[in-house]
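J.: Sending over a structure as structure tokens; questions will come in a sec.
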Amino acid sequence: MMNSSLSSLKQLLKSLLLGMLLYSLCRFLFYGFNFSYFSHLSVGELCLIFLAGLRYDLSVLLMINAVFCLFVLLPLINKANKHYQQFLKHFFALSNALGLLLNCIDFSYFKFTLKRTTAELFFIRDDVGNLLPQYLIDYWYILLIWIGMVFLLYKFFPKRTEAAPLKMNRWINFLGETITLIIVAPLVLIGIRGGIQVKPLRIINAAEYTDARNIPLVVNTPFAVIKSINSDYLVEYTYFKKDEIEKLAPFIHPANAKEFKKQNVVIIILESFSKEYIGYFNNGKGYTPFLDSLAAHSFVCENAFANGKKSIEGIPAVLAGVPSLMENPYLTSVYGSNQIDGLGALLQRKGYTTSFYHGGNKGTMGFDAFAKLAGFANYYSRSDYTNEADFDGNWGIYDEPYFRYFAQQLQKTDQPFCSAIFSLSSHHPYPIPEKYKNKFPKGTLEIHASIGYTDYALAQFFALASRMDWFKNTLFVITADHTSLAETPYYQGKIGSYSIPILFYKADNSMTGKSNEITQQIDILPSVLAALNYNESYFSYGNSVFDTVQNHFNINYLNGIYQYIHAKHALHFDGEKTNAYYDLSMDSLLQNNISTPDNIAQMEQEKHLKAYLQHFNAALIHNQMTAKSAK
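Following the numbering used here, the numbering of the sequence shown begins with 1 at its first residue and continues without gaps.
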């Protein structure tokens, strides 16, 4: 091999090796920052995960550096020229700085979502821009880590100093470098796709090396972002014939034969309210004394779960019964403008005044557009609130004054009404008004004091609302958008990390008791309509919690795995096959996979899940998520 082509190849390999070392460092730091979540892993399991991670690192490194590889291998006259070498150094460093930045973000952000960040980050850039300054303040050390890595990219970029070839050797070197480029280019393409297997490497392939819970440790963030950019377009599954799906999982809910009740409906969505924080569910140990007392006079769903891990996933599930079963959230997907049977739209048909309240900036995460789509005709945000003294400096208006404003607004609203409010003070950075700084227990996690503050705001809201004329004729639903930071193994796990409160309250104590059935956010819409005796048919993926005949379950999607919780079992499915099956009555931490091909209960649950997924994908693809369009 000619000297010039050998020099090019050496420079390329050394550059890629530098990148691989930094990506491995990122995985090690990701593990360290989130050690409590991965502390169950043995040394042997960690070694396998880190080795598997090299496949993902190489794939994304070659994606990011494909053009750099071309620049290094191009058969030029003198690539040792200092100006060209400076260009290569800057190009390599800046290209890889972005990939490393994405990895660094998840050092701290992962504990909120339990997944690697995906392309949705770029679709909610206004919200990211608003919170970035606070993020940099709270996690300044991560910024320093990233700067240090960028420094290493510049410091150890391999130098190339050979002299320009003699004129008579130029054509020989050109031929050598051309041959090198022809040989290396296909290898780069194979590396990008992760091997010579039939399908390119995907996030789901990480399940070949470890349990679903550990997939985020195998993959890296830039890989997750790149793979999710074009993942909106769903595959139309063909597990069953259409008439079989309608029998296995009916989605059209028939009209109720009883007289419709024109009661007000108020849905309160509490930011990040994991069940772990609520004393009612944890033998009195918690930070929510008011919610605990209210639960004692409510109908409580004791096995309730979220359908997603983010607010942008939780709001569609609660208000429109749309679960989050894609890499990117429904709101930012290509299907986000589909017609849906949202709760607001269904009740507008009955003469309801509908509204959605959120003390954040208008347009936050697209909530204003979605509220309209779901039939909430009136949207109120921070811009409609007249006292900027109550601004928390980050997200929007503090919960206590905004809940008071909400009650006063409802007093002026024509009845019957359906109104939803989404709190915000229990979102990072967990702001609390100065006058309440020492009022609430700080607990063991940084979120705990703000949970206490929001619970206090909720208590003040109910105290004020109870004196208003609409209160006694109102059905209240209280739930969370998703969970957040956790300190116990169960709530850090694949089951507990979705555990949220769902309770229904009426002032006349006509709605009390408990349900041990598996309940999920998408069950709220049919449950509310059942409580009102809704006398028209509608489309919903959930089932009323008050219906003891229907199949009750929870479904969510994370890191390429569908999780299906039914009765006392959890099933993990990758779209093609069941990866794991667990008995929750004995194994709530999902440590003992009991999946077998002849397990009847497992086969039945997989069958229902397949029917559900086939219908969900087809309904989104063909815009058939209303009772009218689905016929």
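We put the beta carbon where it would ideally sit given N, CA and C, even for glycine.
(1) Can you give me the C-alpha to C-alpha distance between residue 528 and residue 60, rounded to a whole angstrom?
(2) How long is the line joining the alpha carbons of residue 55 and residue 558, rounded to whole angstroms?
(3) Given residue 193, which residues of its chain have a CB within under 8 Å of its CB, disregarding the five upstream and five downstream residues?
(4) Since residue 340 sits in a beta bridge, which residues does DSSP pair it with?
(5) With burial defined as no fewer than 16 other Cβ atoms inside 10 Å of the residue's Cβ, what is the status of residue 463: buried or exposed?
(6) With residue 114 and residue 73 assumed to form a contact (beta carbons below 8 Å), what rounded beta-carbon distance in angstroms separates them?
(7) Alpha carbon to alpha carbon, what distance is there between residue 75 and residue 576?
(8) Pick from 510, 494, 552: whose alpha carbon is nearest that of residue 517?
(9) Suppose you measure from the CA of residue 251 to the CA of residue 336; what does that come to, to the nearest Å?
(10) Using 10 angstroms around the beta-carbon of residue 233, count the other beta-carbons present and answer buried if the total reaches 16, otherwise exposed.
(11) What is the DSSP secondary structure of residue 561, reduced to helix, strand or coil?
(12) Please work out which residues of its chain come closer than 7 Å, Cβ to Cβ, to residue 99, disregarding the five sequence neighbours upstream and downstream, and give them in chain order.
(13) Look up residue 360 in the DSSP assignment and give the residues it is bridged to.
(14) Drop a sphere of 10 angstroms on the beta-carbon of residue 622, count the other beta-carbons inside from all chains shown, and report buried for 16 or more, exposed for fewer.
(15) Assuming the contact rule is C-beta atoms closer than 8 Å, residue 140 and residue 104 should be a hit. Round their C-beta distance to whole Å, please.
(16) For the structure I just gave you, are there three or more beta carbon pairs, one from the stretch 472–480 and one from the stretch 264–278, closer than 8 Å?
(17) Can you give, in chain order, each stretch of the beta strand (DSSP E) that sits fully within the stretch 493–528 and has at least 3 residues?
(18) For residue 183 and residue 26, I'd like the C-alpha separation in whole angstroms.
(19) Quick one: using the 10 Å Cβ neighbour count with 16 as the cut-off for buried, is residue 229 buried or exposed?
(20) In angstroms with no decimal places, state the Cα-to-Cα distance between residue 616 and residue 70.
(21) With a threshold of 7 Å on Cβ separation, who are the neighbours of residue 226 within its own chain once the five nearest residues in sequence on each side are excluded?
(22) Checking the sheet assignment: what are the DSSP bridge partners for residue 477?
(23) Can at least three beta-carbon pairs, one atom from the stretch 486–495 and one from the stretch 284–296, be found at a separation below 8 Å?
(24) Mind checking which residues open and close the alpha helix (DSSP H) that includes residue 141?
(25) Enumerate in chain order the residues of its own chain whose CB-to-CB distance from residue 380 is below 8 Å, with the five nearest sequence positions on each side excluded.
(26) Assuming residue 547 is part of the alpha helix (DSSP H), what are its boundary residues?
(27) Contact check, residue 305 vs residue 565 under 8 Å by CB: the rounded distance?
(28) Return the chain-ordered list of same chain residues with a C-beta closer than 6 Å to the C-beta of residue 568, the five sequence neighbours on each side being excluded.
T.: Let's see:
(1) 46 Å
(2) 20 Å
(3) 59, 200, 201
(4) 625
(5) exposed
(6) Their Cβ separation, rounded to whole angstroms, is 40 Å, which puts residue 114 and residue 73 out of contact at 8 Å.
(7) 45 Å
(8) 552
(9) 20 Å
(10) exposed
(11) strand
(12) 60, 64, 222
(13) 396
(14) exposed
(15) About 12 Å; that fails the 8 Å criterion.
(16) yes
(17) 502–506, 513–520
(18) 30 Å
(19) exposed
(20) 43 Å
(21) 60, 63
(22) 267, 504
(23) no
(24) 140–155
(25) 355, 356, 357, 358, 409
(26) Unbroken run through residue 547: none, as it is neither H nor E.
(27) 7 Å
(28) 584, 585
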